[in-house]
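**Student:** Residue numbers (my numbering): 606 to 734.
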Amino acid sequence: LVELKNGETYNGHLVSCDNWMNINLREVICTSRDGDKFWRMPECYIRGSTIKYLRIPDEVIDMVKEEMLVKGRGRGDMNKRGGMGPRGGRGGRGTPFGGRGGGRGGPGGGGGRGGGQGRGGRGGRPGLG
């Protein structure tokens, strides 16, 4: 069951849902905001930003949890927050503090954008590069 912000409800089989919560339903029964009119539709698309409430049966949620556990095995903790990840810690690009901007700057440090002046960048100390 999907209730929209305008009060209409849509009841049907969930076909798909994306990251923006846009939903495709099939075998849909739509109920007007007053509850006095009904429509039957073979399928419908609902934009995620219009959804107020979504009710999904417990058995469907349990199935999804089981599926996620099976898919998640064998991957380790590569994508967890604070972990090293595939490109090392702190930003990637091979260097300890990430490429493209690097560290903070400071004495002789290339600043936030592209290195010292001698390297075509904007930051850093003059004449060092």
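Just so it is clear, CB atoms sit at the ideal spot from N, CA and C, and this is done for glycine as well.
Quick one, are the C-beta atoms of residue 638 and residue 612 less than 8 Å apart?
**Tutor:** Contact flag set, yes.
**Student:** Alpha carbon to alpha carbon, what distance is there between residue 678 and residue 618?
**Tutor:** Cα to Cα, the separation comes out at about 29 Å.
**Student:** Would the beta-carbon of residue 626 fall within 8 Å of that of residue 653?
**Tutor:** Yes, Cβ-Cβ distance for residue 626 and residue 653 is below 8 Å.
**Student:** Determine the DSSP secondary structure at residue 612, reduced to helix, strand or coil.
**Tutor:** Correct three-state label for residue 612: coil.
**Student:** Alpha carbon to alpha carbon, how far is residue 667 from residue 643? Give it in angstroms, no decimals.
**Tutor:** Rounded to the nearest angstrom, the two C-alpha atoms are 31 Å apart.
**Student:** Mind checking who residue 619 pairs with in its DSSP beta bridge?
**Tutor:** Partner(s): 630.
**Student:** Take residue 609 and list the residues in its own chain whose beta-carbon comes closer than 8 Å to its own, dropping the five residues that flank it on each side.
**Tutor:** These residues qualify, in order along the chain: 615, 651, 655, 656, 657.
**Student:** Provide the residue span of the alpha helix (DSSP H) that contains residue 670, from first to last.
**Tutor:** That run of the alpha helix (DSSP H) goes 663-677.
**Student:** In chain order, what residues of the same chain have a beta carbon less than 7 Å from the beta carbon of residue 659, not counting five sequence neighbours either side?
**Tutor:** Excluding residues within five positions, the ones whose Cβ falls inside 7 Å are 607.
**Student:** Under 6 Å Cβ to Cβ from residue 633, same chain only, skipping five residues before and after it: list those, please.
**Tutor:** These residues qualify, in order along the chain: 615, 617, 646, 649.
**Student:** For residue 631, which residues of its own chain have a beta-carbon under 7 Å away from its beta-carbon, when the five flanking residues on both sides are left out?
**Tutor:** Contacts found: 617, 618, 620, 647, 648.
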